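Numbering (our numbering), first residue to last: 2 to 1193.
Okay, so here's the structure we're looking at.
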């Protein structure tokens, strides 16, 4: 051992940790004191647990050797030098391993600063904040496979070499080796070789400082030995913000043997700068040939990967790149024409197959002096995703270029251009020599080209996309702004040398495809080997042709609303012009050999599409209508085109050539709205299973087919009649088919028709066929009815017979319209009128019952003052179901129905002292009702508002006798039957009440006269009448109630039982207004009700007056037949039979609710707010009221 005192045998143990603390503590003392302390400490050292190889500089000097758990410290300002190397790791590290802390300088002026000897292993940590340098060799080296070794460098100082690598781990090839380099703002530099040279195992490099090589052609980080890749498990390089990795050659070079199958994981994450400033790549991974290796590169926002005179990135066998920053390449002065420097390049050569997946994020820029992205190998495959906002540019070539194939999905901008400084430049947006897949939702541009490519004779052209087949999608239905634009051609489909493409090409365009000085789309397929397809929803423009499709059996699909500027030439082959999958219109004058869409042999239509054709065309190919497509001619002509219809339809008016209607095919001249004529220039052949659809609209409009040549009909062909709703002349004959030559064969005897009651009859003649529609006596009107009301009405309508306007209107109906027409003429609203009358009688009972109950309870000693006031006063209800504009009522003379409000407070004071034995009372009321008609009848909604005036007097001490009269107005609507009505009702009646203690009994008789005005709008296809009814109806009712009162302090409960009988009826009456008017026979209804329930009262004081709240809950049960009905017949016919129609049925059980508040204003007056409701499963009835009550 050199330069070191031997330890003595001492009982005192001073550990390296203690020495380190003392060294730090006294580092600021005078130098003499520090040396004395160190000398004393050295004398006290013993062998355990500190290795004999530990050292501290100063005072140690010269070569040092370390192993075990040695600790070496070079303090700030100190220098350790001498020896080859200065520090030698000569034995395995143990436990926590060896730690070297350098704050000063380790100077390998004779050789390496730190090196290994033998097969060392274990953990070694170097913490460097000072300087480590070697002028003649590596600064730091591991010179063995380093099996199970772990070497960690934490550098925030400087590690430099002037004679070789700064860090040389080339020999650390063991797969179990672990190398970690944390360059935390420090510098790792070589001026004569690579900055860092790596071996195998697991390697992690984190850099926020600088790693570089300044030697020409050398690299900042390198794998120098190909075989090292076979033992590499993973390499992770994280270049943080501010970090710089720079090489005069490559910044990073990784390579493997040509036959490597290693599964190494290489991850490069850059947030700083990785650059080659001379003639290398920033990242050269091109010699990674293993198919099992995984290589990923992440370039973060604001980060840069660049090369001054080469590719920025050269990818290996399989490379994944995710870019949010800038990846760029440039070229050196004078190399504009010779350089081929792309931002990203892969190259599998002529036989290899390299692939790269590149995602350029919204902030990403990929810019190459040559191509933006390049795949040089013939079998290479690129996958490029360019997000919205991302830019990929080739400054003297393509944005994306592949000698093989690839897939590009673009939401941003991809451009190719030419460099004015170069003699040649081919500026394509995307150039795939072979077939590829391109989906564009952004912009792809070819901005221009220059010169002639070496080995070629033609001047280069600039395309947005140059491709050898495959698939191109431009935009979507929701993104029509997608743009493909070439300075010459929008899309060029060839073998990259104007020869035939390698595969068929399919182009779907929703946006814009334009060739600014050439073709919108040019497809080179001279041999006609394959079939190309173009589907155009958008715009295609070219200055020569919009499209040239080549000599294959190609298809051009025209979508509604699309356009082309320039012609579309289908060229050779058997080509199809297809109208696309949605409904649209097309002008046939655009189709033909001298028109916009040229040299097509077939006209077809997309499955289930609906197209209207107009214009005249000289198109001489075949027209095929299949797959449920419907084609309508709008006075159009395809006279030179033979037509075949299979599972499709040809309709409308115009002219076509010879026509075959095959199985499932339909021909229908005219339309359902306007029957017309379809002319066939040639023969017509109805095959078995075909259909001739005829539209008929009387008096004279009918579908007609004419042919210049023979019409032949197979017996399996059929006729279908669609007769429009109208009035038909009896036995009217219509000509439906004519041939200038003759008609052979007959249609099937079974004729389909949507007419409910008309029977079609065909008359075959030599050159024509006539159709007659006659009433089918075997028809059953009831067969088209669904409900009991409809069936009853159907029988009555059929009994009217022919020559009756109602009957004749029905026999012209379609099957689907008959049931609705039965509802219209049924007169159901007359049967439903009783529902509105029933509501009025119910409201009257409520008013009278309220008055009787109040007076019957007024004299009982158990009543509170507030109750006695309440029962002593008359009831004036101030609220209505609807708001009333009083001024408007006066204007229409209806002020009696809604009298002016009175000053109730003044009236109360004036009548305060009047004797309570007799009284006069007024009550107004309002309500609304909705009854569900269920399946047979329609819903009815009604509203009622009225006033009742009465007077009563005491007879004896307990009995009161009174009389009343009233008026109300009701309105009702049966919307589903287009019916409504208004009822004016006049009421008169008498009532009485008496009581014995807690018991009370009351009863009443009432008669009401109802003046009904009804309106029915009888409307169905071909028929429209307004029918009026004006008649009187009467109702009689008797009702009574008994109750018993229980008193609990201020709470009183009165269980009650009530019963009512209501009879309604009217004399016969007859509607007016048309042939559908009805005579209604003596409608009568009897209804019986009982109600069981309870009243509850509670009285409290409020502001010096009594406030009484009350609640009534009850259950009402109805008896007998609950369905209202009317028997009627058609008034204007003596032949028709009578029929019975039912209105909505009432529910048998109904819940009753009444809640309110009564506030005493004085001894004789009070105000009341009240809500009452009736609820059942099919009906609701509500009343909201406000009352003023006064006794006198």
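Just so it is clear, CB atoms sit at the ideal spot from N, CA and C, and this is done for glycine as well.
The model shown is predicted, which means the values in this text are computed figures rather than measured ones.
Legend entry - Proximity to residue 825 [Cα-Cα], best of 786, 1101, 65, 670: Within the chain shown, residue 825 is the residue found at index 824, counting from 1. Nearest neighbour of residue 825 by Cα position, chosen from 786, 1101, 65, 670, turns out to be 786.
Legend entry - Cβ shell of residue 734 (< 8 Å), same chain only, five flanking positions each side left out: In the chain shown, counting from the first residue as 1, residue 734 sits at position 733. Correct list, in chain order: 764, 771, 772, 773.
Inset, instruction - Determine which residues share a DSSP beta bridge with residue 524 and list them. - result: To locate residue 524, count along the chain shown from 1; it is residue 523. Answer is 494, bridged to residue 524.
Legend entry - Buried versus exposed, by CB contacts within 10 Å (16 or more), residue 1019: Counted from its first residue, the chain shown places residue 1019 at position 1018. It counts as buried.
Inset, instruction - Please confirm whether residue 146 and residue 175 have their CB atoms less than 8 Å apart. - result: Walking along the chain shown from the start, residue 146 turns up at place 145. Walking along the chain shown from the start, residue 175 turns up at place 174. The Cβ atoms of residue 146 and residue 175 lie closer than 8 Å to each other.
Legend entry - Secondary structure of residue 1149, DSSP reduced to three states: Residue 1149 sits at position 1148 when you count from the first residue of the chain shown. Residue 1149: coil per DSSP, three-state reduction.
Inset, instruction - Assign residue 760 to one of three DSSP states: helix, strand, or coil. - result: As a position in the chain shown, residue 760 is number 759, starting the count at 1. Three-state result, residue 760: strand.
Inset, instruction - Ignore the nearest five residues each way along the sequence and tell me which others in residue 467's own chain have a CB closer than 6 Å to its CB. - result: Counting from one through the chain shown, the residue named residue 467 turns up at place 466. Excluding positions up to five away in sequence, the list reads 429, 432, 493.
Inset, instruction - Give every residue of the same chain whose Cβ lies closer than 7 Å to the Cβ of residue 1228, excluding the five residues on either side of it in the sequence, and list them in chain order. - result: What the structure shows of the chain is the stretch from 2 to 1193, and residue 1228 is not part of that stretch, so it cannot be assessed.
Inset, instruction - Determine the DSSP secondary structure at residue 137, reduced to helix, strand or coil. - result: Translated into positions along the chain shown, residue 137 becomes position 136. Coil at residue 137, not helix or strand.
Inset, instruction - Please list, in chain order, all residues of the same chain as residue 189 whose beta carbon is under 6 Å from its beta carbon, the five residues on each side excluded. - result: Here residue 189 refers to the residue found at position 188 of the chain shown. Excluding sequence neighbours, residue 189 sits near 160, 167, 196, 212.
Legend entry - Expected contact under 8 Å - CB spacing of residue 232 and residue 171 to nearest Å: Translated into the one-based positions of the chain shown, residue 232 becomes position 231. Translated into the one-based positions of the chain shown, residue 171 becomes position 170. Taking the Cβ atoms as the reference, residue 232 lies roughly 12 Å from residue 171, outside the contact range of under 8 Å.
Legend entry - Range of the contiguous alpha helix (DSSP H) that encloses residue 796: As a working note, residue 796 is residue 795 in the chain shown. Residues 789 to 801.
Legend entry - residue 497 versus residue 469 - alpha carbon distance: Start at 1 with the first residue of the chain shown, and residue 497 comes out as number 496. Start at 1 with the first residue of the chain shown, and residue 469 comes out as number 468. For residue 497 and residue 469, the distance between alpha carbons rounds to 7 Å.
Inset, instruction - Just grab the DSSP bridge partners of residue 969 for me. - result: In the chain shown, counting from the first residue as 1, residue 969 sits at position 968. Among the bridge pairs identified by DSSP, residue 969 is matched with 947, 986.
Inset, instruction - Verify whether the separation of the beta carbon atoms of residue 416 and residue 438 is less than 8 Å. - result: Mapped onto the chain shown, residue 416 falls at position 415. Mapped onto the chain shown, residue 438 falls at position 437. No.
Legend entry - Spatial neighbours of residue 205 in its chain, beta-carbon cut-off 6 Å, leaving aside the 5 residues before and after: One-based indexing of the chain shown puts residue 205 at position 204. Non-local beta-carbon contacts of residue 205 in its own chain, meaning distances under 6 Å to residues more than five positions away in sequence, involve 181, 237 in chain order.
Inset, instruction - Leaving out five residues on either side along the sequence, give the residues of the same chain with a beta carbon under 7 Å from the beta carbon of residue 448. - result: Here the question's residue 448 lines up with position 447 in the chain shown. Cβ neighbours of residue 448 beyond the five flanking positions: 416, 417, 418, 428, 463, 488.
Inset, instruction - Can you grab the Cα-Cα spacing for the pair residue 56 / residue 148, in whole Å? - result: Translated into positions along the chain shown, residue 56 becomes position 55. Translated into positions along the chain shown, residue 148 becomes position 147. Distance between the alpha carbons of residue 56 and residue 148 is about 26 Å.
Legend entry - Beta-carbon proximity of residue 1001 to residue 953, cut-off 8 Å: For the purposes of this step, residue 1001 is taken as residue 1000 along the chain shown, with counting starting at 1. For the purposes of this step, residue 953 is taken as residue 952 along the chain shown, with counting starting at 1. No, they are not a contact pair.
Legend entry - As assigned by DSSP and simplified to three states, the class of residue 148: Within the chain shown, numbered from 1, the residue matching residue 148 stands at position 147. Coil, per DSSP.
Legend entry - Contacting residues, own chain, Cβ-Cβ under 6 Å from residue 5 (five flanking each side not counted): Taking the chain shown and counting its residues from 1, the one referred to as residue 5 is at position 4. Residue placement at residue 5 is poorly supported in this model, since its pLDDT is 35, which falls under 50; the coordinates still yield a value, given next. By the criterion of a C-beta distance shorter than 6 Å, residue 5 is surrounded by no residue of its chain, once the five residues flanking it on both sides are discounted.
Legend entry - Identified DSSP bridge partners for residue 1042: Translated into positions along the chain shown, residue 1042 becomes position 1041. 1003, 1059, per the DSSP bridge assignment.
Legend entry - Proximity winner among 511, 637, 154, 981, relative to residue 830 (alpha-carbon distances): Position 829 of the chain shown, counting from 1, holds the residue named residue 830. Comparing Cα positions, the closest option is 981.
Inset, instruction - Express the C-alpha separation of residue 1045 and residue 853 in angstroms, rounding to a whole number. - result: Walking along the chain shown from the start, residue 853 turns up at place 852. Walking along the chain shown from the start, residue 1045 turns up at place 1044. Between residue 853 and residue 1045, the C-alpha separation is close to 15 Å.
Inset, instruction - Can you have a look at residue 700 and say buried or exposed, based on whether 16 or more other CB atoms are within 10 angstroms of its CB? - result: The count along the chain shown starts at 1 and reaches residue 700 at position 699. Classification for residue 700: exposed.
Legend entry - Integer-rounded CB distance, given that residue 491 should sit under 8 Å from residue 465: On the chain shown, position 464 is the one that residue 465 refers to. On the chain shown, position 490 is the one that residue 491 refers to. Indeed they touch by this definition, with Cβ atoms about 5 Å apart.
Inset, instruction - Starting from the C-beta of residue 892, find all residues in its chain whose C-beta is less than 7 Å away, skip the five residues before and the five after it, and write them out in chain order. - result: Translated into the one-based positions of the chain shown, residue 892 becomes position 891. Residue placement at residue 892 is flagged as unreliable, the pLDDT there being 38, under the threshold of 50; the coordinate-derived value follows with that caveat. Take residue 892, set aside five residues on each side of it, and no residue of its chain has a beta-carbon closer than 7 Å to its own.
Inset, instruction - Let me know the secondary structure DSSP gives residue 465 once reduced to three states. - result: What you label residue 465 is simply residue 464 of the chain shown in a count that begins at 1. Three-state DSSP puts residue 465 in a strand.
Inset, instruction - Determine the DSSP secondary structure at residue 641, reduced to helix, strand or coil. - result: Here residue 641 corresponds to residue number 640 of the chain shown, with the count starting at 1. It is coil, neither helix nor strand.
Inset, instruction - Count the other CB atoms, across all protein chains shown, that sit within 10 Å of the CB of residue 1176; report buried if there are 16 or more and exposed otherwise. - result: Along the chain shown, one-based indexing puts residue 1176 at 1175. Counting Cβ neighbours within 10 Å, residue 1176 comes out exposed, since fewer than 16 surround it.
Inset, instruction - Check each candidate in 209, 187, 163, 93 and name the one with the smallest Cα separation from residue 143. - result: Residue numbering aside, residue 143 sits at position 142 when the chain shown is read from its first letter. The candidate whose alpha carbon is nearest that of residue 143 is 93.
Inset, instruction - Measuring alpha carbon to alpha carbon, tell me which of 762, 938, 951, 808 ends up nearest residue 851. - result: As a working mapping, residue 851 is identified with position 850 in the chain shown. Ranking 762, 938, 951, 808 by Cα distance to residue 851 puts 951 first.
Inset, instruction - Check whether the Cβ atoms of residue 241 and residue 209 lie closer than 8 Å to each other. - result: One-based indexing of the chain shown puts residue 241 at position 240. One-based indexing of the chain shown puts residue 209 at position 208. Yes. Within cutoff.
Legend entry - Exposure of residue 746, with buried meaning 16 or more beta-carbon neighbours within 10 Å: Position 745 of the chain shown, counted from the first residue, corresponds to residue 746. So residue 746 counts as exposed.
Legend entry - Same chain only: Cβ atoms within 8 Å of residue 1027, ignoring 5 sequence neighbours per side: Start at 1 with the first residue of the chain shown, and residue 1027 comes out as number 1026. So the list reads 1016, 1017, 1018, 1019, 1074, 1075, once near-sequence residues are dropped.
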